[in-house]
Every structure is written in structure tokens, then in C-alpha cells.
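Residues 149 to 268 in this note's numbering are what the sequence shown lists, from first letter to last. The C-beta atom is built at its ideal place from N, Cα and C for all residues, glycine as well. In this text the structure is predicted, and so the values were computed from the model without any measurement.
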Amino acid sequence: MKVTVRVALSFKRQAKPLLKKYPSLIRELSQLESDLKENPRMGTSLGNNTYKIRLAPKSKNKGKSGGLRVISHLETEIIGFAEYNGENTTVILISIYDKSTTASISDKEIKEFIRNIDVD
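Okay, structure coming up:
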């Protein structure tokens, strides 16, 4: 299985102030990319191939419960017809938010992010 990780423009916009606020976040996001390539379905399933991943940036000095949330969406392309030849999976990071400032993100917002996915 080939896994590609892509970043939506909405994620980039939301991540920019967080990267300034938490300097260690760049390393954690890089590690998250590696982890997603190993296990694209990591995190809590929100349904519809969408997952919520909890991050605990070291520079925030909080645990996962007070850390950041990353919303990812999977797109899978099956290769082959009669027999299984493998699949290509694209993990799209669509949203990131700080749990201390945003309690949670609604299903409506998630569906809107998915509907308007624009990948750089």
C-alpha cells in the first residue's frame, strides 16, 4: 500500500499561528506525517474516512488532552480489477486546532472542510 500525505490550504492557514506559538510543532507534524504513512487510519474515527488525531506539542507543556487536534481525511484508489493489486491512499490533513481555544469542531464544519478540500 502506497500512502501519500497532503496538506489542505485550510490546514496551512490554521497551522501558521500555531507554528509561531509552539516552536516544537514543526517536528511533531513531521513525525505525524511519518506515522500516517505507517498507519493512515490513526486517531479516532469520525466516520466517512475522517479521523481526529490528538497531538501533544512539547513546547505547550500539556498532555494530549489539552494539546492540539488534527483532522485528517482518507482518499483511497483501488488498483486492479479482478484481483487485488494494492491500493493508493492519500491522507489529507484538513484542519488543526488548539483544544484550549476551540473545544471541538462540529460535523458540519468537518463536512464543509471535506467538500472544499483544496490541496496545494
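Identify which residue in the options has its Cα closest to the Cα of residue i.
i	options	result
asparagine 264	Leu157, Val153, Gln179, Val151	Leu157
isoleucine 344	Pro171, Asp183, Gly195, Glu176	Given that the chain is displayed from residue 149 to residue 268, the structure contains no residue 344 and the question cannot be resolved.
asparagine 197	Thr250, Ile242, Asp266, Ala251	Ile242
Counting along the chain, where does the alpha helix (DSSP H) carrying residue i start and finish?
i	result
serine 182	173-186
arginine 253	According to the sequence displayed, residue 253 carries isoleucine and not arginine. Per DSSP, isoleucine 253 belongs to no alpha helix (DSSP H) and is neither H nor E.
To which residues of the same chain is residue i closer than 6 Å at the C-beta, ignoring the five residues directly before and after it?
i	result
threonine 192	Lys200
lysine 185	Val151
Taking the beta strand (DSSP E) that residue i falls in, what are its first and last residues?
i	result
arginine 154	150-155
arginine 202	198-203
aspartate 246	235-246
phenylalanine 193	The sequence as given places serine at residue 193; phenylalanine does not occur at that position. Start and end: 192-195.
Since residue i and residue j should fall inside the 8 Å C-beta cutoff, what is the C-beta to C-beta distance between them, to a whole number of angstroms?
i	j	result
isoleucine 244	leucine 166	6 Å
arginine 161	threonine 238	Contact doesn't hold; Cβ gap of about 20 Å is too wide.
Who are the Cβ neighbours of residue i in its own chain at under 7 Å, not counting the five residues just before and after it?
i	result
alanine 163	Ile244
tyrosine 232	Only weak support exists for where tyrosine 232 lies, its pLDDT of 45 falling under 50; the value from the coordinates is given anyway. Correct list: empty, nothing qualifies.
With a CB to CB cut of under 8 Å and the five nearest residues on each side skipped, what residues in its chain are close to residue i?
i	result
aspartate 266	Ala156, Leu157, Ser158
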